[in-house]
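Residue numbers (this note's numbering), protein chains in the order written: chain A, 1 to 1001; chain B, 1002 to 1092. Ideal Cβ positions, reconstructed from N, Cα and C, are used throughout, including at glycine. These numbers were taken from a predicted model, which means no experiment stands behind them. Working notes, beginning with the structure itself.
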Amino acid sequence: MTKNLRVKSSEYIDETNRISFKFNGKTYHGFKGDTLASALLANDVHLVGRSFKYHRPRGIMTSGSEEPNAIVQINPGTNRTEPNVRATEVEIYDGLEASSQNCWPSVEFDIGGINNFLSPFFPAGFYYKTFMWPASFWKKYEFFIRHSAGLGKSPTSSDPDIYDHRNIHCDVLVVGAGIAGILAAKNAAKNNFKTFLVDEKNQLGGSTIFENNEFNKIDNKTPSEWLKKEIEELKNIKNLEIKTRTSVAAYHQYNYLLARENLTDHLEAKDKTNKIRQRLLKIRAKKVILATGALERPLIFNNNDRPGIMLSSAIKKYSEFYGVACGSKNVFFTNNDSAYESALSLYNKGINVEAIIDIRDQSESKIVKKIKEAGIKIYWSHSIVDTAGYKRLNSVSIMKLSNDFTSVTGSKISISCDCLGVAGGWTPAVHLYTQSGSKLKFDEEKEVFLPNQNTSTQISVGSCDGDFKIDEIIKNLNQKLKDNLNIKETDLDNIKVEIDQENSKRNIWLLPSDKPLGKTKPFVDYQNDATAKDIKLALREGFRSIEHVKRYTTTGMGTDQGKLGNMHALGIIADTAGVKMGELGTTTFRPPYTPLTFGTIVGRNVGKFFDIFRRTPMNDWHVQNKAEFENVGQWKRAWYYPNNGETMHQAVQRESKAARESAGILDASTLGKIDIQGSDASEFLNRVYTNAWSKLAIGKCRYGLMLNEDGMVYDDGVTTRLGENHYIMTTTTGGAANVLGKLEDYLQTEWPELDVYLTSVTDHYATASLCGPNSKKIIKKIIPDLDLSDENFPHMSFKEANIGHIQCRIMRISFTGEHSYEINVQASYGKDLWEKCMEAGKEFNITPYGTETMHLLRAEKGFIIVGQDTDGTMTPIDLQMDWIVSKKKYDFIGKRSLYRSDTMREDRKQLVGLLTDDPNIVLEEGAQIVSELNQNPVEMLGHVTSSYFSPNLNKSIALAVVRGGKDMIGKKLFIPMKNKNINVTVANPVFYDEKNERLNA
Amino acid sequence: MFLINCPYCGERDQQEFKAGGEAHIERPKQPTELSDDEWAEYLFMRKNIKGVQFERWNHAHGCRKWFNMVRDTSNDEIKAIYKMGEKPPTQ
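In C-alpha cells:
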C-alpha cells in the first residue's frame, strides 16, 4: 500500500473533490487543485522518468516550468496525446493518463539503464568523436542513433482541438503575477494605463501567496494574507485584464510578445470538446514590466540527481500550497537561509526534518535561531559528498569542508533520509528580458546576471531584477513605477515592511567530494546528463566560448533550456579557466521560454484555411461539369474536364483536337490585369517592355516581354491600348502581384516624374477565351451586331461590345495559334458569359478545355510559358525571341544587361524544339540532355522544359533549353533515362502552322 | 517584429511591409554609356552593414508606397524614416 503524504488541508486544494488519474498504467487519487507532480508526491511517487543519456532514474525536482526531470507523455495513444509535458504544470482531472518517457520497457526497469554503467565510455562529445570513422559506417550508426534519439512520441492522428489567435494592444503589459507584478499592474491600471497582466500559473500571487513565515510582515500581516487582500482589490480595477494559465513564450523587438493562454488542458475530456484549447496572444505593448521572478538553483555535488532530491523551494511549495510532504525523513542542503524557510514550513506542519547541512559556517538570522530552538541538527561548514538509493534516495554522506572549500576533511557521516531539499541560491529569470535584445550585466555582489541595458521600453521589477527581499522589492518597484509611468503617488508609499533574513550566502559552484572528480557524477544539466566532469573535459579540450561549451556538452539544451543549471555551468567554467563570470557572459536564451504546440502557432490556419485560395467567377460551372483542378499561385484553375471516366491523357487529347478542329473555350480570368492610365503611359510601357509602344494605335493589342534589370525574362503578356492615355496590361497568372509591385517600385522610386497610375483589376473582370475555326461563328451568334470581318476586327485588335445588357471588352488575340477571342466582362457576369458561349457553341460542339490543354496547344506553336520554359536565367535572345527586343529604343529595364559579356556568350542555353525519333515516346519534363552516351562524366547540355503528345501532329513534341542549341537544328542528341536512352533530334520550336495561317482561318 | 511608422499611414506591424534592399542606389540615366564593370556595380553590388544601414521599404499590404528607413542592423533600432526623394538624415 502506498503512503499518503497529504499533511494538512490547504486552501488551494479542494479535498471534497477527489480525482482519479493514471500514471504508468496505475490508478492514483489526488484532489482538485493538484498538479500531476503534487498528486504523485502525495502518493509517495518520486521516480517519474529516466534521464536522456544514461537512463538514470529521476524524480520530480521542482514545482514549476523549470522542471528538468518530470517530463511526461500526456494521454498516450490518443489523438490528444502530448509529449514532453512537465508534470509540475499539469493540473489533474478525472481520466487524466500520463506516462514516463525515455524508458523501455518501464520506468522501474529500463534496459537503457545499462548506459549508466557504461558512462565512462560516454564523455562529452561522445557522438562527435565516435561516429566519425570509418565514414562508410555512418549509415549503420545512424540507424541506432536515430532509434535512441528524441524524448516523447508525437500524436499520429489529427488534433481534435481548436486553437485561436488574438491580437492585444495595451499600454502596459505585466509579465508575472507575483507580488511585484500584482503591485505593478494595480498601480499602472489605477493611473489610467490600459494594463494586461499574465501569469503562467492558475493562481495569482507567485511564491508570496504561500509565504506564511512569522518573521516577515507587511502592514503587520503575513505576506500571504496581505497579498490576498491586494489580489481581491484587483477585481474592482478598471483598465486591467488578467490572464492566468498564460505563459509568455517569446519577447520580440518593439515590445511584441507572444503568449499562450491555456483554456482547456485542465478540464476533463467531456468538457474539452468544442472549446478553444489554447489561444496565442499576440501582444503589442507600449511598455513592458517584467516581473518574472527568480528560479532557485540546486547545488552541484556527487550523485545529486536521485529521485527524492528536490529544490528546497519546491518542498516548501508542496507543503504550503498543496499540503503535501515530499518525504517523511527530510534533510536540507543549503548555502543560504532559504532552506530554513522550507524546513520551518515542514516543522510547523509536524513533518520530520532530520538535519540541515549548510556550507556556510554560520548565520544569525531569526529563522536560523528558530530552527536551532526546534532541535533540528545543523551541520555548518559541511557538504554532501555522496548520496545513496537507486530509485529513491535513502541516505546522504556528509563531510566537513576544508577552509578553502576545495576539499573535504574529517570523517564521513551518513544521514538516513528519503527526501533532500537543496538550496543553491536564486537566479533571476531574465530569459524574456534577453530575448527582447536587452543586455545583462554580472553583479559581483549578488553573483547573478541582472538586467542592465534595455533596448525596448521596458523595466524589470522584483526578484528578476535582483531584489530578493520584500522590502527591497516594494521600495524599488515604487520608484521604478514613478519614474517610468510618470506617476506621482502610489499606494506603495506607506507600506510598512518588516523582514528577517540576514541572507548571507556562499557560492561554491562545484562542491568537493572525497572521491576524485572523475569518479563522481555531479550533474549540472539533469535532462541532458551533462556533469561538471563534461564541462571540465570540454575546457581541457580547448573549448573556451560558453556557446561552444554548451553545444559540445549539451548543457542547457533540453526542454528546460538550462533554467536550473546554466549558472553552475558558467561558474564552473569561470573557476576552471580562471576568468570572471561577468567576462564569460551567458548563452543566448531563445524563444519559446516554455514549449508551444504547433496547434497554437498555426491557430485557425488549418485544413481548408491553411492558405488563401482564389476561385474564378466561372468556378461553379467547372465544378458542376466535373473539372479537375490545379493550383496556379493561389488560384484554383480548371485543369481538364474528363468525360465518362476519361484519363487525364484522354481528356487532354480530346480537348486539344476539338479546339483546333471546331471550337474550344478556356477560363482565362486568372490572368493578371493591370489598368494603366496617365499622360506618360506610353513612355512607361516603352521603359518596362523590350519592344516599342509609342506607335501602338488605340484599339490595338501588342505582346510584350518584360525583363529584370539583369536582362532575364520576368513576365509576358498582351497589353491593349484602350485610349490615348489608357492601357490594360495582362500578366501571367502567378506573376500578377509581383509585376504590379515591380512597376510601382520603378514609378515611385526611379521615375517619379512620369504621370502614370497603376491599378490592379485582376478580380474585376472575368475572361473567357474562345478559340478554333468556329469561334467567329459563335461570337456572331451572341453579338450579332459586331462586325467581325478581318478588316474591321483584325488579329491583335480590340472592340467594346454588348452581350445583351452586359458590356464587354473583346480582344482578338491568340495563345493557341487558332482564330481566337478573349471576352472580358465585369466579374459578376462571368458565369453568365460562359453559359451564353456554351449555349451558342453547342452546334459546333464547343469544348471547354483546361490549363493542361492550353499548355499543349501553345507548345505546338512554340509559345513560351514564363516560369516553365524560363527559370530566371533566360534572356529573350536565349529564347530566340530577338524580334521582340527593340534595337532603336535608348533604354528599357534590362537592356544594358543584354550586352554584358556573359549574356552575349554564344554557348548559353537556348530554347529549341526536340522531336523524339520514336514519335510515341513522350519525354519527361526536366530530363537531362547529352550529346555523348558512352562518356563518363558527360556534359549536361540542358534539359526538357515542356513535353506533350500532340494529337494534332500525332507525335511527341518537346521544348528544351540546350547549350548552344540555336545552331544545332537537325542534330541528334540523347536523353539518358533510368532504363533506356532516348534518341532525339533538335528542331525548330514552332511545330504547328509555322506560317500562322490559322489565325485568320 | 518591428513596429514601422509608415510616413503615409502611421505605425503598423512589420508584416504589412516588404523590405526592398539598400537605399539610395540610383538607376543610371545612361546605362549604355557604362562599362560592364560599372553596370555590374549598379546591378549586383550591395552593402551588408552591421550597424547603421539605409534601406528601402514598401508598405506592400497597405498604401503600397515606398519609403526609406535608417536602421541599425545590430539591434534593429529604426533610427529614421523618410519619404522617397527626401534627403537622408545626416546624423
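Assigned with DSSP and collapsed to three states, A:T88 falls in coil, not helix or strand. If you draw a straight line from the Cα of B:E1078 to the Cα of A:I71, it comes to about 39 Å.
Among the residues of chain B, those whose CB is under 8 Å from the CB of A:Q748 are K1066, W1067, M1085, following chain order.
Among the CB atoms of chain A, one or more fall inside 8 Å of the CB of B:T1033. Taking the Cβ atoms as the reference, B:Y1009 lies roughly 5 Å from B:K1066, within the contact range of under 8 Å. Against chain A, the beta carbon of B:F1003 has neighbours under 7 Å at Q253, Y254, listed in chain order. Within the stretch 674-711 of chain A, the alpha helix (DSSP H) runs of at least 4 residues that lie entirely inside it are, in chain order, 681-688. DSSP places A:L290 in the uninterrupted beta strand (DSSP E) bounded by 276-290. Inside the stretch 509-534 of chain A, DSSP marks whole beta strand (DSSP E) runs of 3 or more residues at positions 523-525, from first to last along the chain. In summary, A:P522 is buried, with 16 or more beta-carbon neighbours lying within 10 Å of its beta-carbon over all protein chains present.
Here DSSP, grouped into helix, strand and coil, assigns B:T1033 to helix. Sequence-distant partners of A:I893 (beyond 5 residues in either direction) whose C-beta falls short of 8 Å from its own C-beta, in its chain, are R687, V688, M706, L707, N708, E709, Y746.
Contact of A:E709 with chain B is assigned, a C-beta pair being separated by under 8 Å. For A:P451, the uninterrupted beta strand (DSSP E) segment begins and ends at 448-453. Distance check between A:V396 and each of A:I778, A:S383, A:S414 places A:S414 closest, using alpha-carbon atoms only.
Residue-level contact check: A:R654 does not touch chain B, since none of the beta carbons of chain B fall below 8 Å from its beta carbon. In the three-state reduction of the DSSP assignment, A:M977 falls in the coil class. For A:G599, there is no enclosing beta strand (DSSP E); the enclosing alpha helix (DSSP H) covers residues 598-602. Of the candidates A:M310, A:I975, A:S662, A:Y714, A:M310 places its Cα closest to the Cα of A:A423. Under the three-state reduction of DSSP output, A:V368 falls in the helix class. Among the CB atoms of chain B, one or more fall inside 8 Å of the CB of A:S901. Annotation: Cβ neighbours of A:E744 in chain B (cutoff 9 Å, chain order): N1059, R1065, K1066, W1067. Residues of the stretch 881-896 of chain A with a C-beta atom less than 8 Å from some C-beta of chain B are Y890, D891, K895, R896, listed in chain order.
At a cut-off of 8 Å between beta carbons, A:G734 makes no contact with chain B. For B:N1076, the C-beta contacts it makes with chain A under 7 Å involve G437, T455, in order along the chain. With a contact defined as Cβ atoms closer than 8 Å, A:N239 and A:T195 qualify at about 6 Å. Residue nearest to A:E261 within the set A:T273, A:D271, A:S662, A:N202 is A:N202 (criterion: CA-CA distance).
Of the candidates A:E214, A:I315, A:W426, A:A259, A:W426 places its Cα closest to the Cα of A:L295. Around A:N484, the same chain offers I459 as residues with beta carbons nearer than 6 Å, after the five sequence neighbours per side are excluded. Excluding its 5 nearest sequence neighbours in each direction, A:G633 has C-beta neighbours in its own chain below 7 Å: T733, G734, listed in chain order. Ranked by Cα distance from A:A577, the first of A:D560, A:I546, A:T594 is A:I546. For A:R245, the number of other beta carbons within 10 angstroms of its own is at least 16, and it is reported as buried. When C-alpha distances from A:A659 are compared across A:H764, A:W621, A:N304, A:R998, the shortest belongs to A:R998. The Cβ atoms of A:G711 and A:T875 sit closer than 8 Å to each other. For A:W621, the enclosing alpha helix (DSSP H) stretches over residues 619-624. Judged by beta-carbon spacing, A:T88 lies within the 8 Å limit of A:T35, meaning their Cβ atoms are closer than that value.
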